[in-house]
Amino acid sequence: MLKTTLSVLSSVTLALLSSTAIAADAAQLEQGKTLFAGSAQPIACAVCHTLKDADAAGTIGPDLDELKPDADRIRKTMMEGMGAMPSFSAMDEADREAIIAYVVDATN
Ligand code: HEC
Numbered sequence: 001m002l003k004t005t006l007s008v009l010s011s012v013t014l015a016l017l018s019s020t021a022i023a024a025d026a027a028q029l030e031q032g033k034t035l036f037a038g039s040a041q042p043i044a045c046a047v048c049h050t051l052k053d054a055d056a057a058g059t060i061g062p063d064l065d066e067l068k069p070d071a072d073r074i075r076k077t078m079m080e081g082m083g084a085m086p087s088f089s090a091m092d093e094a095d096r097e098a099i100i101a102y103v104v105d106a107t108n
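Numbering (my numbering), first residue to last: 1 to 108.
If you want it as structure tokens, here you go:
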């Protein structure tokens with residue numbers, strides 16, 4: 001069910017990305033949300049972090065609604081990893097930037 005929802009979301013995101021009629025920002029935020037909630041490799045952020053907007057309730061890492069990290073802080077943590085958090089440096093830069101834009105938008 002979740003997988004179906006996510007793959008539908010991914011298709012929607014791809015459709016949005018290829019549509020010039022839709023603002024790039026909205027598509028980027030939607031893509032970031034999809035990645036955060038389920039499709040980010042090696043492990044989705046939602047497994048470990050709480051973020052209400054993404055229905056994420058992970059407790060291994062800090063609650064991002066409370067932390068309200070800025071873009072530089074998220075980018076640095078994703079590139080280098082931190083403690084139990086793996087590095088996301090192998091991710092496409094566009095995907096990484098979409099997650100960063102989404103987390104900043106959802107928490108600030
Ligand atoms: C396997 C669990 C796990 C996953 C998956 C994970 N994190 Fe984390 N994250 C952590 C932990 C644990 C910390 C705190 C590390 C510490 O303080 O030593 C953390 C810290 C952070 C911080 C705070 C960094 C700081 O400066 O304090 C941010 C921002 C963050 N993660 C964002 C993300 C994003 C975005 C993703 C998805 C791309 C993600 N995390 C995926 C476990 C995870």
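Heads up, the beta-carbon is just placed ideally off N, CA and C, and yes, glycines get one too.
VAL103: CB within 7 Å of a non-hydrogen atom of ligand 1: Start at 1 with the first residue of the sequence shown, and residue 103 comes out as number 103. Yes; taking the cut-off as 7 Å, the Cβ of VAL103 has a heavy atom of ligand 1 nearer than that.
Close-in-space but distant-in-sequence residues of the same chain around CYS45 (CB under 6 Å, 5 per side omitted): Taking the sequence shown and counting its residues from 1, the one referred to as residue 45 is at position 45. If we look at CYS45 and ignore the five residues flanking it on each side, its Cβ neighbours are PHE36.
ALA37 (DSSP reduced to helix, strand or coil): The sequence position of residue 37 within the sequence shown is 37, counting from 1. Three-state result, ALA37: helix.
Three-state class that DSSP yields for MET79 in the structure shown: Translated into the one-based positions of the sequence shown, residue 79 becomes position 79. In the structure shown, the three-state DSSP call for MET79 is helix.
Helix, strand or coil at ALA21 [DSSP, three-state]: Position 21 of the sequence shown, counted from the first residue, corresponds to residue 21. Note that ALA21 has pLDDT 43, beneath the 50 cutoff, so the model's placement of it is unreliable and the number below is only indicative. Reduced to three states, the DSSP call for ALA21 is coil.
Nearest to THR50 (by Cα), restricted to the options GLN31, GLN41, ASP65: Translated into positions along the sequence shown, residue 50 becomes position 50. It is ASP65 whose Cα lies nearest to the Cα of THR50.
Buried/exposed call for GLN41, threshold 16 Cβ in 10 Å: Locating residue 41 in the sequence shown gives position 41, counting from the first residue. Exposed: under 16 other Cβ atoms inside 10 Å.
Beta-ladder partner(s) of THR50, from DSSP: Position 50 of the sequence shown, counted from the start, is the residue given in the question as residue 50. Paired residue(s): ALA57.
Sheet register partners of MET85 (DSSP bridge): By 1-based counting over the sequence shown, the position of residue 85 is 85. Answer is MET82, bridged to MET85.
Residue from ALA57, ASP70, ASP25, MET82 whose Cα sits closest to the Cα of GLY38: The residue labelled residue 38 in the question sits at position 38 within the sequence shown. Closest by alpha carbon: ALA57.
Per-residue burial, GLU93 [other beta carbons within 10 Å of its own, 16 or more giving buried]: Numbered from 1 along the sequence shown, position 93 holds the residue referred to as residue 93. Burial call: exposed.
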